[in-house]
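A.B. asks:
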Amino acid sequence: MKYQDSNGHHIIFFGDSMKILDQEIQDNTIDLIFADPPYNIGKKYANFVDKWPTQEDYLSWCYSWLKLCLKKLHPEGSIYLMASTQTIPYLDIYLRQNIHILSRIIWHYDSSGVQAKNYFGSLYEPIIYGVKNPKSYTFNRDDIKIEAKTGSKRKLIDYRKAIPKVYNSQKVPGNVWYFPRVRYGMEEYEKHPTQKPEILLKHIILASSNVGDTILDPFSGTFTTSAVSQKLGRKSIGIEIEEDYLKIGLRRLGIATHYNGTLLQKPLKNYQKNNQQLELFKDE
Ligand SMILES: C[S@@+](CC[C@H](N)C(=O)[O-])C[C@H]1O[C@@H](n2cnc3c(N)ncnc32)[C@H](O)[C@@H]1O
């Protein structure tokens with residue numbers, strides 16, 4: 006099933022990404038792919054638990070949709086792939102044989118909870134960034150520069166240069182990114198177990214696409230990729246197999262106000278419900 010906004014810039018497919026990639030998306034047309042599949046770690050989604058019978062089953066599923074993704078990617082396109090720390094080495098080897106990996110990014114976050122007591126808990130997720138053509142690809146370094154802390158902050162002069170000059174105050178970020186995970190109290194929060202933060206997608210989309218480019222997310226979840234693409238003037242194609250999450254996407258992208266006759270609205274958070282009740286009492 007296909008849904009789109011009034012000008013056709015943002016498309017949502019409801020269904021299995023394997024089938025939709027194969028049948029609905031033209032080859033060599035996608036400028037940027039962000040793929041964040043289920044990790045095969047037993048997470049509970051709306052109607053399934055993400056655990057394949059064996060690792061081989063999971064990997065062969067990943068290789069199948071990755072192959073299709075690469076077929077859909079423009080010859081000068083880029084792909085970002087997320088996976089669990091356990092799986093990423095296999096996908097890295099697969100991708101190395103098919104595209105050029107430019108960065109292995111660590112998305113690091115903190116957690117107030119105890120992750121593990123008898124070993125070092127995991128506080129990062131890996132992201133592989135690769136391109137089809139290392140001689141020609143989009144990388145908008147000026148759009149993602151960050152403050153260069155060391156020399157510049159202390160207003161030092163770099164005397165190693167033939168003509169000494171002050172240190173650069175900005176630089177392209179390295180491959181370790183710190184962004185907080187999406188929390189219940191945050192405005193962008195949706196009811197989904199593995200929602201990615203908008204700020205993470207913002208960096209990827211700004212760096213690796215231009216205004217008007219088409220960005221594909223074959224495992225859209227809460228449609229973070231599409232929502233950020235829309236905010237940044239890009240086009241998007243999102244695929245999702247779960248109806249609950251499709252509804253989030255339709256609402257988040259402003260594609261529909263109703264679904265099967267029911268109003269699509271963001272559920273109120275507990276504190277918002279409490280506030281509403283307090284408001285009611287005020288009138289009594
Ligand atoms: C890790 S989550 C993606 C989260 C997303 N990046 C976000 O920010 O919300 C993976 C998503 O893939 C969906 N999914 C699983 N199997 C799928 C399939 N075969 N086709 C399409 N979507 C699928 C799941 O329902 C889940 O929402």
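Convert by adding 5 to the 1-based position in the sequence shown; the result is the number in my numbering. For every residue, glycine included, the Cβ atom is placed at its ideal position computed from N, Cα and C.
#1: Using only the heavy atoms of ligand 1, determine whether one of them is closer than 8 Å to the beta carbon of P58.
#2: Starting from the Cα of K48, find the closest Cα among H197, G135, K274 and give me that residue.
#3: When the distance is taken between beta carbons, is I25 closer than 9 Å to F244?
#4: Measure from the alpha carbon of I106 to the alpha carbon of each residue in D41, N138, P42, L78, then state which is nearest.
#5: Write down the C-beta distance between D55 and P43 rounded to the nearest angstrom, noting that I regard them as a contact closer than 8 Å.
#6: Between D36, I162, T199, which lies nearest to A212 when the distance is taken from Cα to Cα?
#7: In terms of residues, what are the limits of the beta strand (DSSP E) holding Q9?
#8: Where do the N-terminal and C-terminal ends of the beta strand (DSSP E) with Y293 fall, by residue?
#9: Assign N12 to buried or exposed, taking buried as 16 or more other Cβ atoms, counted over all protein chains shown, within 10 Å of its Cβ.
#10: With H, G and I counted as helix, E and B as strand and the rest as coil, what does DSSP make of V181?
#11: Within 10 angstroms of its Cβ, does Y142 collect 16 or more other Cβ (buried), or is it exposed?
#12: Using the Cα positions of I30 and G226, report the straight-line distance between them to the nearest angstrom.
#13: Would you call the segment 76-87 and the segment 118-135 in contact, with 3 or more CB pairs under 8 Å?
C.D. replies: The structure says:
#1: One-based indexing of the sequence shown puts residue 58 at position 53. P58 Cβ: outside cutoff for every heavy atom of ligand 1.
#2: Working through the sequence shown from its first residue, we reach residue 48 at position 43. By alpha-carbon distance to K48, the top candidate from H197, G135, K274 is H197.
#3: As a working mapping, residue 244 is identified with position 239 in the sequence shown. As a working mapping, residue 25 is identified with position 20 in the sequence shown. The amino acid at residue 244 is misidentified as Phe; the sequence shows Ile. It is a contact, given that the beta carbons lie within the stated cut-off.
#4: Along the sequence shown, read from residue 1 onward, the residue named residue 106 stands at position 101. Taking each of D41, N138, P42, L78 in turn and checking the Cα distance to I106, the smallest one comes out for N138.
#5: Within the sequence shown, residue 55 is the residue found at index 50, counting from 1. Within the sequence shown, residue 43 is the residue found at index 38, counting from 1. Between P43 and D55 the Cβ distance is about 4 Å, and since that is below 8 Å, they are a contact.
#6: Locating residue 212 in the sequence shown gives position 207, where the first residue counts as 1. Each of D36, I162, T199 was checked against the Cα of A212, and the nearest Cα belongs to D36.
#7: For the purposes of this step, residue 9 is identified with residue 4 of the sequence shown, where counting begins at 1. Secondary structure note for Q9: its beta strand (DSSP E) is the uninterrupted segment 7-9.
#8: The chain is shown only over 6 to 289; residue 293 falls outside these bounds and no answer can be derived.
#9: The count along the sequence shown starts at 1 and reaches residue 12 at position 7. Classification of N12: exposed, given that the 10 Å Cβ count is below 16.
#10: Numbered from its first residue, the sequence shown carries residue 181 at position 176. If DSSP states are grouped into helix, strand and coil, V181 belongs with the strands.
#11: What you label residue 142 is simply residue 137 of the sequence shown in a count that begins at 1. Buried: at least 16 other Cβ atoms inside 10 Å.
#12: The sequence position of residue 30 within the sequence shown is 25, counting from 1. The sequence position of residue 226 within the sequence shown is 221, counting from 1. Roughly 19 Å separates the two Cα atoms.
#13: Result yes; three or more Cβ-Cβ pairs closer than 8 Å.
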